[in-house]
Every structure is written in C-alpha cells, then in structure tokens.
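Enquirer: For what it's worth, this note's numbering labels the leading residue of the sequence shown as 862, then goes sequentially.
Backbone N, C-alpha and C define an ideal beta-carbon position, used for all residues, glycine too.
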Amino acid sequence: MDLNELVRGTMDDHRPQFERNEVRLESHFAAEPVFVHGDWHRLTQMVGNLLQNTAKFTGPGGCTRVSVSTDTDTKWAVVRVAESISWL
Numbered sequence: 862m863d864l865n866e867l868v869r870g871t872m873d874d875h876r877p878q879f880e881r882n883e884v885r886l887e888s889h890f891a892a893e894p895v896f897v898h899g900d901w902h903r904l905t906q907m908v909g910n911l912l913q914n915t916a917k918f919t920g921p922g923g924c925t926r927v928s929v930s931t932d933t934d935t936k937w938a939v940v941r942v943a944e945s946i947s948w949l
C-alpha cells in the first residue's frame with residue numbers, strides 16, 4: 862500500500878476536528894509513492910490516534926504538521942506528526 866495515500870485519507874477524515882478546534886493542519890508528502898507492507902486498518906488507526914491527540918491538545922491558532930518520507934540511509938518509511946508546541 863502507498864503510505865502517502867493512507868495518511869492523506871486519514872487526514873481528510875480528521876480535518877473537521879481540526880477545523881472545529883481552530884488548529885491548522887499542514888502536510889508534506891513524499892514525491893514518490895512510499896510502499897509498505899502492513900495492515901491498512903491498524904496503520905490508519907495509528908495515524909488517526911496521533912491526529913486526534915494533536916487536534917485535541919493543540920490550542921486554537923496552533924498547527925499540526927504531518928509528513929511522509931523515506932529515510933535515505935535505511936530506506937524505511939517515516940511518518941511524522943508534530944504539533945506547533947513541539948517546534949517552539
């Protein structure tokens with residue numbers, strides 16, 4: 862499965878919660894597909910839980926950044942979810 866597609870869909874599912882909480886949701890996806898072997902439902906649940914937490918605990922006016930990439934050294938897939946408080 863393409864991790865870009867999974868994360869993009871999960872973000873779309875959680876976008877209303879970010880809008881209600883006045884938290885900006887930003888994304889950066891890998892230029893090429895990031896293929897992984899895994900359980901689609903479990904991975905969606907994991908990313909969704911991270912998004913729910915940042916939507917809930919980032920204050921109004923804050924921002925959550927989500928990125929999908931591949932580590933150049935290990936070739937591992939990387940998903941990062943960071944809230945504005947993490948980079949202050």
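Would you kindly report the start and end of the unbroken alpha helix (DSSP H) that includes residue 875?
Expert: Note, residue 875: alpha helix (DSSP H), 864-881.
Enquirer: Between the stretch 896-905 and the stretch 920-935, are three or more C-beta pairs nearer than 8 angstroms?
Expert: No contact exists between the stretch 896-905 and the stretch 920-935.
Enquirer: Beta strand (DSSP E) containing residue 931: first to last residue?
Expert: Looking at the DSSP string, the run of the beta strand (DSSP E) that includes residue 931 is 924-931.
Enquirer: Just the Cα atoms here: how many angstroms apart are residue 937 and residue 945?
Expert: Spanning the two alpha carbons is a distance of roughly 25 angstroms.
Enquirer: I need the straight-line Cα distance from residue 893 to residue 934, nearest angstrom please.
Expert: One C-alpha to the other measures close to 17 angstroms.
Enquirer: Where does residue 916 sit, in a helix, a strand or coil, going by DSSP?
Expert: DSSP places residue 916 in helix when its eight states are reduced to three.
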